[in-house]
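Read in order, the letters of the sequence shown are residues -17 to -1, 1 to 215 in mature numbering (1 follows the signal peptide of the UniProt record, and there is no 0). The beta carbon of each residue, even a glycine, is placed where N, CA and C say it ideally should be. Below you'll find the structure, written out as structure tokens, and then a few comments.
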Amino acid sequence: MRYLLLAFLLFGTIVTAQPTADVLTGKSANANNSLESDTQTALKKMQTAALKDGIKIEVASGYRSFDRQRQIWNGKYKKYEAQGLQPDAIFDKIVEYSTVPGTSRHHWGTDMDLIDGNADYSGSVLVTDKFHGDGPFCKLKDWMDENSSKFGFELVYTMNENRAGFEYEPWHYSYAPVSKVYLRDYLTQIDFISFLRSQEIMGMDQISNERLTRYYKEHIQGVNPELQLEKE
Ligand SMILES: [Zn+2]
């Protein structure tokens, strides 16, 4: 008994609580749109460190609910449908940069799009050029390349031509200690196709199983190996 208690004290605080299916698919109540708590704590530490180097790390987009993602999805779907595209072609267009509702890593509260609040910028912020060359967020990008891993943060959609799925996103980071567990749980707990078909998501009654299965492999499983438990 004493050993059981000791084991609990040792591991009880380390093991992250298992996320429910609602948390994994963005359907849980999260009225404040807050980040997952360990992620928030780690982000604060990283923000404090970066500020000493003159970089003000700001979250342009953090937690996003299923409903919000569905609004984005349906808006784009209608636009492409009006242009005369067929369902699978519309799907291809949208998933270049946007996720199918219920499959976004932003649902987990472990992932976020980051910019530098101290930089001088205008217009859209999540643009690759702004993070490269002499773009306004280059200082942030260099700092993150050097330091983000020390705080547990990794790029998800890396610049790697062998990686299929989403385009390169130099702004999208994930808190690996928690999101690795969430990804494993997502892959083992969620019956992906039947979940999507049961939601009111535009086009989901017409997109082929084959296309959805490829999305699952490329977009959901095909992330930076640093964020995959089984690759360790
Ligand atoms: Zn993102």
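Item: Beta bridge counterpart(s) of LEU138 as assigned by DSSP; Value: TYR156
Item: Host alpha helix (DSSP H) of ASP21 (start-end); Value: 20 to 35
Item: Any non-hydrogen atom of ligand 1 within 7 Å of SER105 CB; Value: no
Item: Closer than 5 Å: residues whose CB approaches a heavy atom of ligand 1; Value: ASP96, HIS155
Item: Beta bridge counterpart(s) of MET95 as assigned by DSSP; Value: TYR156
Item: Residues bridged to ILE190 (per DSSP); Value: ILE190 pairs with nothing; no bridge assigned.
Item: Segment contact flag, the segment 140 to 153 with the segment 170 to 182, C-beta cutoff 8 Å, min 3 pairs; Value: no
Item: Cβ-based burial, GLN52 [other Cβ within 10 Å; buried from 16]; Value: buried
Item: Proximity below 8 Å, CB of SER17 to CB of ASP96; Value: no
Item: Given 8 Å, three or more beta-carbon pairs between the segment 60 to 73 and the segment 177 to 195; Value: yes
Item: Contacting residues, own chain, Cβ-Cβ under 6 Å from ASP94 (five flanking each side not counted); Value: ARG88, SER157
Item: Which of helix, strand or coil DSSP assigns to GLU64; Value: helix
Item: TYR165 vs LEU34 beta-carbon contact at 8 Å; Value: no
Item: Opening and closing residue of the alpha helix (DSSP H) in which ALA14 lies; Value: Unbroken run through ALA14: none, as it is neither H nor E.
Item: Proximity of PHE149 and HIS90 at Cβ, strictly below 8 Å; Value: no
Item: Whether ALA159 touches GLU129 by CB criterion (8 Å); Value: no
Item: Cβ-based neighbour list, THR111, same chain, cut-off 7 Å, excluding 5 preceding and 5 following; Value: TYR151, PRO153
Item: Buried or exposed by the 16-neighbour rule on C-beta atoms within 10 Å, applied to SER105; Value: exposed
Item: Closer than 7 Å: PRO70 CB and nearest ligand 2 heavy atom; Value: Among the ligands modelled here, namely ligand 1, ligand 2 does not occur.
Item: Bounding residues of the beta strand (DSSP E) (the contiguous stretch that carries VAL42); Value: 40 to 44
Item: Beta-carbon proximity list for PHE114, same chain, < 7 Å, skipping 5 on both sides; Value: PHE120, CYS121, LYS124, PRO153, TRP154
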